[in-house]
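Position 159 (the sequence shown) corresponds to 159 in the UniProt record's numbering; numbering is contiguous. Glycine included, each C-beta is placed from N, C-alpha and C at the ideal position.
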Amino acid sequence: MKLNERSLAFYATCDSPADNSGFLYKRGERHTAYHRRWFVLKGNMLFYFEERESREPVGVIVLEGCNVELCESAEDFAFAIRFGGTKSRTYVLAAESQAAMESWVKSLSRASFDYMRLVVRELEKQLEEMRRGLAGDCRGSWKSLGLERSPERLPALPAILPKENGCAVWNNALGVDQPPDTSGCGGHNDEGNPRPPPLPPRRRVSNGSASTAPEVPSTFCRLHERYSREVARLRQEWLEKQRGARP
């Protein structure tokens, strides 16, 4: 893997938040002596410095394809970062306390993209299960309210709703009972088309000006008001049952 030293040094010392940081004892590759180094974990990269105030890291460990495990060592609270392959290096580190060792082992084990991929898959699975459960609860709630209607109970509507004065009206739909025509101009004309509705009557007010008669609520408005009252009543009954079921 080819890494840009200048970019890595900037990333290691920039103000971006670190996943973990602190002093660890690192065993040398050629000599088994331990050296105290300042470690900073950012993402899947573990940087180590000679001192906490150092401006550039001494090295970096890319935490991909590795295992973090406890190991036996002359130093207490030791753990190792092992990579697959016969020629791969094993990094042996030691913390200053049991709590620090457990914190480092946990954060290093979760730093790789493989671990993040597993976490994302598990979260997606849990989200899908929650969506299915929520959909089932919604269907159960509608059934308990008695608002679920089968397709055969719904009135069949024509493909193109008939229109009056250029506007579609619901009371002309097929299967809906029509009120008796008392206007004297109902029915169809000679060509078989429905006659337009009569104009509303005009009345005189006290000042002599003409005024139109009050509008009569449409069939849709009446149906909307009727079913809204029914829904409100059913919802109130359901809430009372829920309150009564609680201990």
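Within the same chain, Cβ atoms closer than 7 Å to the Cβ of Ala9 are found at Glu56 and Pro57, the five residues on either side in sequence being excluded. For Val231, the three-state secondary structure derived from DSSP is helix. In this structure, the straight-line span from the alpha carbon of Glu129 to that of Val120 is close to 14 Å. Partner residues in the beta bridge of Tyr34, as assigned by DSSP, are Arg27. Among the bridge pairs identified by DSSP, Phe49 is matched with Trp38. Listed in chain order, the non-local C-beta contacts of Arg37 below 8 Å within the same chain comprise Phe23, Leu24, Tyr25, Lys26, Tyr48, Phe49, Glu50 and Val58, local neighbours out to five positions each way being set aside. With distances taken between CA atoms, His35 lies nearest to Leu93 out of Lys241, Leu93, Leu234 and Asn20.
The shortest CA-to-CA distance from Gly65 to any of Glu240, Arg110 and Arg131 is the one to Arg110.
Note on geometry: alpha-carbon atoms of Lys42 and Arg6 lie some 16 Å from one another.
For Val68, the closest alpha carbon among the candidates Asn44, Leu134, Tyr11 and Ser16 is that of Asn44. Here Val58 carries a coil assignment [DSSP, helix/strand/coil]. In the three-state DSSP reduction, Gly244 falls in the helix class (H, G or I).
Check the Cα spacing between Cys14 and each of Ser54, Leu127 and Glu75: the tightest is with Ser54.
Bounds of the beta strand (DSSP E) holding Leu70 are Cys66 to Leu70. In the structure shown, the three-state DSSP call for Gly136 is helix. Ser103 places its beta carbon 8 Å or farther from that of Leu63.
Separation of Glu75 and Leu123 (C-alpha to C-alpha, rounded to the nearest whole angstrom) is 39 Å. Residue range Glu5 to Thr13 is occupied by the alpha helix (DSSP H) that includes Leu8, with no beta strand (DSSP E) assigned at that position. Taken atom to atom, the span from the alpha-carbon of Arg30 to that of Ala78 is near 18 Å.
If you draw a straight line from the Cα of Leu46 to the Cα of Phe39, it is about 7 Å long.
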